[in-house]
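Enquirer:
2 protein chains.
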Amino acid sequence: MPNPEKTEAVQNKRQEARPLDAFDRKILGELAVDAGLSYAELGNRAGLSAPAVHERVKRLRATGRIRGTVAVLDGPATGKPFLAFVHVDSTGWGKTQELLALSELPEVEEVHSVAGDTCMLLKVRCASSRALEGLLARLYALPSVKATRSYVVLSTFLERTPQAGITSALEEAPLVAPSRETPA
Amino acid sequence: MPNPEKTEAVQNKRQEARPLDAFDRKILGELAVDAGLSYAELGNRAGLSAPAVHERVKRLRATGRIRGTVAVLDGPATGKPFLAFVHVDSTGWGKTQELLALSELPEVEEVHSVAGDTCMLLKVRCASSRALEGLLARLYALPSVKATRSYVVLSTFLERTPQAGITSALEEAPLVAPSRETPA
DNA sequence: TAAAGGAAGGAATGTCATTCGGAGCAATCG
DNA sequence: CGATTGCTCCGAATGACATTCCTTCCTTTA
Chain A
1 MPNPEKTEAV QNKRQEARPL DAFDRKILGE LAVDAGLSYA ELGNRAGLSA
51 PAVHERVKRL RATGRIRGTV AVLDGPATGK PFLAFVHVDS TGWGKTQELL
101 ALSELPEVEE VHSVAGDTCM LLKVRCASSR ALEGLLARLY ALPSVKATRS
151 YVVLSTFLER TPQAGITSAL EEAPLVAPSR ETPA
Chain U
1 MPNPEKTEAV QNKRQEARPL DAFDRKILGE LAVDAGLSYA ELGNRAGLSA
51 PAVHERVKRL RATGRIRGTV AVLDGPATGK PFLAFVHVDS TGWGKTQELL
101 ALSELPEVEE VHSVAGDTCM LLKVRCASSR ALEGLLARLY ALPSVKATRS
151 YVVLSTFLER TPQAGITSAL EEAPLVAPSR ETPA
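So the sequences go chain by chain: A and U. Residue numbering for the first sequence is 1 to 184, as defined by UniProt numbering. Residue numbering for the second sequence is 1 to 184, as defined by UniProt numbering.
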């Protein structure tokens, strides 16, 4: 019979207290750019053998670091050249259920609740300006939607999924004198 | 010697005048959700043999419909739990070169120029609020950046890459009477 | 110091991606 | 109207690669 306390400790170690060593981050960085790499090639780049990389990737998937592997489609080339960000101001709170229904549409790519002068932020990609109009019509059909502001994308300079790298320099050199809470 | 006119026609047919038949769209739809499917399984779902699917996928990649295959990383699980959309107001025009330099940072995931009351729209994901502050500091360090408005994401309800589906109903039922330009 | 857990490397095996050849079909041209 | 060309599909064969097993090494713990 396993010791429950120890089991929990091990699970914690597995699930959260594993701070992604350099090998993991290197593997994640490569896979975030090209998931079609073979484990052998991935091992070459990371300095590990193929089985070792396989083991780590399996763990990264199991622990949720890697959410999945997808093919990135080109919007214009697949018939949806219109990209827009839509800010939604809604009355009340918790009416998100209605907005989530819009997630069924393949045109809706992202739905976030945000802090700021707006409530919800949508990223939508559709076939034409008329389709965008139809989407806004559906938004306004929701009783809780008070107003929307659309930002139609003219040019996309960069668009990618989350990357593995972390720029530590961003956390240094604050605007004011550093507090003593986080000494070097 | 090939007929130039005919060659061009064929190339056009290959590069643009191929309107993605039902098989292609089905394949794209599946791969956009899970690129790890085997060609045999993909063939089952699309109603084709494995070599036929392989041929189509190769063509979809060659024609740019599929931009690549990537592993989707989980932001919080990989150490970057702070997601924000930053609107940038800049003076002048064509100063995007400076903004593109920020694309080097793995924290910057998207850079668009948009129509609306703002010029540029950035999607950034970073490790902490301090890192976000550091990123904004770098933005304001650019001489053309006049102001920014940040929308920090509180909850993400949906976040995915471009999908293959197109909701044709969105282009129907316009708000006003349909013009005679596009008769049924 | 001894023991145990975890991780990496090498080799073997199974699965799958990829290629090759042949057949059906449509459009085109004579 | 018939022949030909080009395209796409399928079945089989091959090769590469993912996946597993097992041994060894290292680190941690009692």
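By construction, the Cβ of each residue, glycine as well, lies at the ideal position given by its N, Cα and C atoms.
1) So for D24 of chain A, helix, strand or coil by DSSP?
2) Under a three-way DSSP split, which group does R59 of chain A fall into?
3) So which residues of chain U does G36 of chain A contact, with C-beta pairs closer than 7 Å?
4) Under the rule that 16 or more other beta-carbon atoms within 10 Å means buried, what is R18 of chain U, buried or exposed?
5) Among A:C119, A:G165, A:V72, which residue has its Cα nearest to the Cα of G36 of chain A?
6) According to DSSP, simplified to helix, strand and coil, what is R149 of chain A?
7) Taking Cβ positions, are A127 of chain A and R65 of chain U nearer each other than 8 Å?
8) With 16 as the cutoff for other CB atoms within 10 Å, does V53 of chain U come out buried or exposed?
9) Apply the 10 Å Cβ neighbour rule to L28 of chain U and answer buried if 16 or more other Cβ atoms are within range, or exposed otherwise.
10) Can you tell which of A:F82, A:D21, A:L105 has the C-alpha that lies nearest to the C-alpha of R59 of chain A?
11) Here's a check: name, in chain order, each residue in its chain whose Cβ is nearer than 7 Å to the Cβ of L121 of chain A, leaving out the five neighbours to either side.
12) Please list the terminal residues of the continuous alpha helix (DSSP H) segment that includes E110 of chain U.
13) Identify whether E172 of chain U lies in helix, strand or coil by the three-state DSSP scheme.
14) Once DSSP output is grouped into helix, strand and coil, what is the label at T69 of chain A?
15) Closest Cβ-Cβ distance between E55 of chain U and chain A: below 8 Å?
16) Taking C-beta pairs closer than 9 Å, name the residues in chain U that L139 of chain A reaches, listed in chain order.
17) Using CA coordinates, which residue listed in A:A50, A:L135, A:A32 is at the minimum distance from E104 of chain A?
18) Please name the residues in the region 155 to 167 of chain U whose beta-carbon is closer than 9 Å to at least one beta-carbon of chain A, in chain order.
19) Whole angstroms is fine: what's the gap from G75 of chain U's alpha carbon to P81 of chain U's?
20) Which stretch, first to last residue, makes up the beta strand (DSSP E) that contains S129 of chain U?
21) Between which two residues does the beta strand (DSSP E) carrying L83 of chain A extend?
22) What did DSSP end up calling P19 of chain U once you bin it into helix, strand or coil?
23) Since L121 of chain U is in the beta strand (DSSP E), which residue starts that stretch and which ends it?
24) Using the Cβ count rule (16 or more neighbours within 10 Å means buried), how would you classify G47 of chain A?
25) At the 8 Å Cβ level, is T148 of chain U part of the contact set with chain A, yes or no?
26) Could you give the distance in angstroms between the alpha-carbon of residue 194 of chain U and the alpha-carbon of T156 of chain U?
27) Tell me the DSSP secondary structure of L105 of chain U in three-state form.
28) Using 8 Å as the limit for Cβ to Cβ distance, is R18 of chain U near chain A?
29) At a Cβ threshold of 8 Å, is F85 of chain U touching chain A?
30) Could you check if Y151 of chain U is buried or exposed, using at least 16 other CB atoms within 10 Å of its CB as the buried criterion?
31) Among U:P51, U:G165, U:L102, which one has its Cα closest to the Cα of residue 197 of chain A?
32) Pull up the distance between the alpha-carbon of residue 186 of chain U and that of D89 of chain U, whole angstroms please.
33) Please state whether DSSP places T156 of chain U in a helix, a strand or coil.
34) Is there a Cβ of chain U sitting closer than 8 Å to that of A131 of chain A, yes or no?
35) Name the chain A residues that come within less than 7 Å of D74 of chain U, Cβ to Cβ?
36) What's the C-alpha gap between R25 of chain A and R56 of chain A?
Expert: Here's the rundown:
1) helix
2) DSSP places R59 of chain A in helix when its eight states are reduced to three.
3) T69
4) exposed
5) A:V72
6) R149 of chain A sits in a strand when the DSSP states are folded into three classes.
7) no
8) buried
9) Label assigned to L28 of chain U: buried.
10) A:D21
11) F85, H87, H112, V114
12) Element bounds for E110 of chain U: not the alpha helix (DSSP H) but the beta strand (DSSP E), 108 to 115.
13) coil
14) strand
15) no
16) By Cβ distance, chain U contributes nothing, its closest Cβ being about 11 Å from L139 of chain A, past 9 Å.
17) A:L135
18) Within the region 155 to 167 of chain U, the residues whose Cβ lies closer than 9 Å to some Cβ of chain A are S155, T156, F157, L158, E159, R160, T161, P162, Q163, A164, G165, I166, T167, listed in chain order.
19) 6 Å
20) In the DSSP annotation of this structure, S129 of chain U is not part of any beta strand (DSSP E); the continuous alpha helix (DSSP H) holding it starts and ends at 129 to 141.
21) 82 to 90
22) coil
23) 120 to 126
24) So G47 of chain A ends up on the exposed side.
25) no
26) In the structure as shown, chain U begins at 1 and stops at 184. Residue 194 of chain U is therefore absent and cannot be evaluated.
27) coil
28) no
29) yes
30) buried
31) Missing from the structure shown is residue 197 of chain A; chain A here goes from 1 to 184 and no further.
32) Since the first residue shown for chain U is 1 and the last is 184, residue 186 of chain U is missing from the structure and cannot be characterised.
33) DSSP, read as helix, strand or coil, puts T156 of chain U in strand.
34) yes
35) Neighbourhood of D74 of chain U in chain A, by CB distance below 7 Å: G64, R65, R67, in chain order.
36) Within the model, the alpha-carbon separation for R25 of chain A versus R56 of chain A is close to 11 Å.
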